[in-house]
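Peer 1:
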Amino acid sequence: MSVILKSILMITAGVCLLRFAGRKSISQMSLGQTVIMISIGSIIIQPIIETSVWRTIVAASVFVLFLIILEYLQLKFNSLEKLVTGKSRVVIQNGQLQTKELKKLRLSVDQLEMLVRQQGITQLSSIQTATIEPNGQLGYDLKEEEKPLTIGEFKRLIHPSMLKQVPNPTPQPNNDIFNEMTSKGLHSDPKLK
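Its first residue numbered 1, the sequence shown is counted upward by one per residue in the UniProt record's numbering.
Laid out in structure tokens, this is it:
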């Protein structure tokens, strides 16, 4: 089989296997998932160099099957999930850095500050609790005085007489992109045709 044909076959098989394995970006994968995905990439390239395309597809399929079984077992057994995926680690408590946890995570203060800034938070003292999740992302809860005001809280704070009754405007067609994705049929934009 020619190199081009083998490449096309392996790319097709790889896309199908990874589609079957699930949608996650690298930052959302657990350590086990990342190792398996890298292994699949290494396995998929082998038939282009060697001879057996089908043996490679079977090997990659075994890796994906193992990944799916492992994820299923993690759903069933909490202790296995903690062992394989890990658990969240508190890195800020009451606005104070937890340096012991940062050292365990091998995360510098500068790296943590970068994650905090990416969330739009300008001061560590604004954070009640912050965690590093198993996928490496930052989870946080702001202190009460730092949380943004919600519409519900605003309505409770103002006097009812201050709420001006505005007549309902004529209903507009719902062009919500999330609603479009959840409805049965996908609607297309006539301008794009």
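Cβ coordinates follow ideal geometry from the N, Cα and C atoms, glycine included.
#1: At what residue ranges does the stretch 31-103 contain a whole run of the beta strand (DSSP E), taking only runs of 3 or more?
#2: Is L105 close to chain B? Criterion is C-beta to C-beta, closer than 9 Å.
#3: What are the boundary residues of the alpha helix (DSSP H) that includes G152?
#4: Would you call the CB atoms of Q123 and N94 closer than 9 Å?
#5: Leaving out five residues before and five after E101 in sequence, what residues of the same chain have Cβ atoms less than 7 Å from its Cβ?
#6: For the candidate residues L65, A60, Q98, whose alpha-carbon lies nearest to that of Q42?
#7: Got a sec, what are the start and stop residues for the beta strand (DSSP E) Q137 sits in?
#8: Look at the alpha carbon of R138 and the alpha carbon of K82, and state the distance between them as a whole number of angstroms.
#9: Is the distance from the Cβ of G136 to the Cβ of T85 below 9 Å?
#10: In this structure, how does DSSP classify Q118 when only helix, strand and coil are distinguished?
#11: Less than 8 Å between the CB atoms is what I'm expecting for K103 and P134, so what's the real figure, rounded?
#12: Less than 9 Å separating the beta-carbons of I69 and A13?
#13: Opposite L112 in the DSSP bridges: which residues?
#14: Taking all protein chains shown into account, decide if T131 is buried (16 or more other Cβ within 10 angstroms of its Cβ) or exposed.
#15: Ordered along the chain, which non-local residues of its own chain (more than five positions away) have a Cβ less than 7 Å from that of L9?
#16: Measure the C-alpha to C-alpha separation of Q96 and S125 and round it to an integer number of angstroms.
#17: How many Å lie between L149 and T34 at the Cα?
#18: Note down the Cα distance separating N78 from Y72, rounded to an integer number of angstroms.
Peer 2: In short, the structure shows the following:
#1: With a minimum length of 3 residues, the continuous beta strand (DSSP E) runs that stay inside the stretch 31-103 are 89-93.
#2: The chain inventory of the structure shown lacks chain B, comprising one protein chain alone.
#3: Membership of G152 in the alpha helix (DSSP H) is indicated by the continuous run 151-157.
#4: No.
#5: Here E101 has R89, V90, V91 as same chain residues with Cβ atoms under 7 Å from its own Cβ, once five neighbours each way along the sequence are excluded.
#6: Here residue 42 is Ser; the residue named in the question, Gln, does not match the sequence. With distances taken between Cα atoms, S42 lies closest to A60.
#7: For Q137, there is no enclosing beta strand (DSSP E), since its DSSP letter is neither H nor E.
#8: A small correction: the amino acid at residue 138 is Leu; Arg does not occupy that position in the sequence shown. The alpha-carbon atoms of L138 and K82 are separated by roughly 18 Å.
#9: Cβ atoms of G136 and T85: not closer than 9 Å.
#10: Looking at Q118 - three-state DSSP - the assignment turns out to be helix.
#11: Approximately 18 Å separates the beta-carbon atoms of K103 and P134; this is outside 8 Å, ruling out the contact.
#12: The criterion of a C-beta distance shorter than 9 Å is not satisfied by I69 and A13.
#13: DSSP links L112 through a beta bridge to no other residue.
#14: Counting of Cβ neighbours within 10 angstroms places T131 among the buried residues, the total reaching 16 or more.
#15: Closer than 7 Å at Cβ, skipping near neighbours: V53.
#16: Each residue's alpha carbon lies about 7 Å from the other.
#17: Going by the C-alpha atoms only, they are around 39 Å apart.
#18: Per the coordinates, the alpha-carbon of N78 lies some 11 Å from the alpha-carbon of Y72.
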